[in-house]
Amino acid sequence: MSKKLTKEEIERYSRQIILFGEEGQEKLKSTTVLVAGAGGLGSAVLYYLVAAGIGKLIVIDDGLVELSNLQRQILYTVNDIGKPKVFVAAEKLRKLNPHVEIIPVNKRITKELLEEYIKDVDVAVDALDNWEARAVLDSVCYKNNIPYVHAGVEGFYGQITFIIPGKTPCLRCIFPMKKPGEKKVIPVASTTPGILGVLEANEVIKYVVGVGEVLSNNLLVYNGLYNTFEVIEIKANNCRICYE
Ligand SMILES: [Zn+2]
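Using the working numbering, the first residue of the sequence shown is number 1, and each one after it goes up by one.
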């Protein structure tokens, strides 16, 4: 059921209410999003989903803020080093928008943990930095019929797609999850997770409000060195994993 907006919320969101009406804004307010990962992608996704007025956000990450995070994880400052990311993030984001309910979960992503939270979730966001956790998110979302946005970054490159269980291939059918020799420390330009994270937030907003088109059955590939955004069609092939 759609939640009504307060007078203050109508003023806060006035610029986007012009775009998709109070009805669209109420849809955002009635939506619960799970964000897996509160790092570089997560910082951007969370900032913009909270600014846009998503009703409820569940943020899962078990990391502590490190000095080497600050180059790209814009939710954190030097004062936060050593603290759990999700708690710092929740505190900052509540200051940005107290109308959003934020549930920080300072735990490692496992199947059991996701199963605990996924049932009330409308859309999930992959803001992770490793394929092992992604495979878990993929499997839990697919089995529970939860649509989710995937993005990944490395260097000046990134990719993003919107997965709808039953309508698009699952993540493991798009990417071979066995990444031989996956690097322990992935090089990342400061701006890449920001750009991809904002695109992820934009996909969620469009999907919830029902405007434009999401990147379902399409993979957007970003090249920050040569300024290209290429959209590649993904064929709905015989998905052996997602229909098992
Ligand atoms: Zn599949």
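Backbone N, C-alpha and C define an ideal beta-carbon position, used for all residues, glycine too. The model shown is predicted, which means the values in this text are computed figures rather than measured ones.
Checklist entry - Does DSSP put D126 in a helix, a strand or coil? => result In the sequence shown, counting from the first residue as 1, residue 126 sits at position 126. In this structure, D126 counts as strand in the three-state DSSP scheme.
Checklist entry - What whole-angstrom Cβ distance do V45 and A189 have, given they're in contact under 8 Å? => result Here residue 45 is taken as the residue at index 45 of the sequence shown, counted from 1. Here residue 189 is taken as the residue at index 189 of the sequence shown, counted from 1. The pair is not a contact, with the Cβ atoms about 17 Å apart (cut-off 8 Å).
Next on the checklist: With a threshold of 8 Å, are at least 3 pairs of Cβ atoms found where one atom belongs to the segment 23-43 and the other to the segment 57-69?
Outcome noted: The segment 23-43, when compared against the segment 57-69, does touch it at the 8 Å Cβ threshold.
Next on the checklist: My assumption, with CB atoms under 8 Å, is that Q25 sits in contact with G55. Please give the rounded CB distance.
Outcome noted: Position 25 of the sequence shown, counted from the first residue, corresponds to residue 25. Position 55 of the sequence shown, counted from the first residue, corresponds to residue 55. In this structure, Q25 and G55 do not form a Cβ contact; the two beta carbons are roughly 10 Å apart against a cut-off of 8 Å.
Checklist entry - Roughly how far, in whole angstroms, is the beta-carbon of D126 from the beta-carbon of Y148, given that I think they are within contact range, below 8 Å? => result Sequence index remark: in the sequence shown, residue 126 carries index 126 (1-based). Sequence index remark: in the sequence shown, residue 148 carries index 148 (1-based). Yes, D126 and Y148 are in contact; Cβ-Cβ is about 6 Å, under 8 Å.
Next on the checklist: Assuming the contact rule is C-beta atoms closer than 8 Å, L199 and A151 should be a hit. Round their C-beta distance to whole Å, please.
Outcome noted: As a first step, residue 199 is located in the sequence shown; it is residue number 199 there, counting from the start. As a first step, residue 151 is located in the sequence shown; it is residue number 151 there, counting from the start. Rounded, the Cβ-Cβ distance is 7 Å, consistent with contact.
Item to check | CB-CB length for K85 against L64, believed under 8 Å | outcome: To locate residue 85, count along the sequence shown from 1; it is residue 85. To locate residue 64, count along the sequence shown from 1; it is residue 64. At roughly 7 Å, the Cβ-Cβ gap stays under 8 Å, so K85 and L64 are in contact.
Checklist entry - Relative to the alpha-carbon of A38, which residue among G155, L128 and S216 has its alpha-carbon at the smallest distance? => result As a first step, residue 38 is located in the sequence shown; it is residue number 38 there, counting from the start. The alpha carbon of A38 has as its nearest neighbour, out of G155, L128 and S216, the alpha carbon of L128.
Checklist entry - Closer than 7 Å: is that where the CB of R172 sits relative to any heavy atom of ligand 1? => result Residue numbering aside, residue 172 sits at position 172 when the sequence shown is read from its first letter. At least one heavy atom of ligand 1 falls within 7 Å of the beta-carbon of R172.
Item to check | Whole-Å CB distance - G224 paired with T192, under 8 Å assumed | outcome: Counted from its first residue, the sequence shown places residue 224 at position 224. Counted from its first residue, the sequence shown places residue 192 at position 192. Sure, about 6 Å apart at Cβ, within 8 Å.
Next on the checklist: According to DSSP, is S216 part of a helix, a strand, or is it coil?
Outcome noted: As a position in the sequence shown, residue 216 is number 216, starting the count at 1. Of the three classes helix, strand and coil, the one that applies to S216 here is strand, per DSSP.
Item to check | Bridge-paired residues (DSSP) for E116 | outcome: Working through the sequence shown from its first residue, we reach residue 116 at position 116. None, per the DSSP bridge assignment.
Checklist entry - Count the other CB atoms within 10 Å of the CB of Y222; is the residue buried (16 or more) or exposed (fewer)? => result Looking up residue 222 in the sequence shown gives position 222. It is buried - the Cβ of Y222 has at least 16 other Cβ atoms within 10 Å.
Item to check | I81 and P169 closer than 8 Å at C-beta | outcome: For this step, residue 81 is matched to residue 81 along the sequence shown. For this step, residue 169 is matched to residue 169 along the sequence shown. No, they are not a contact pair.
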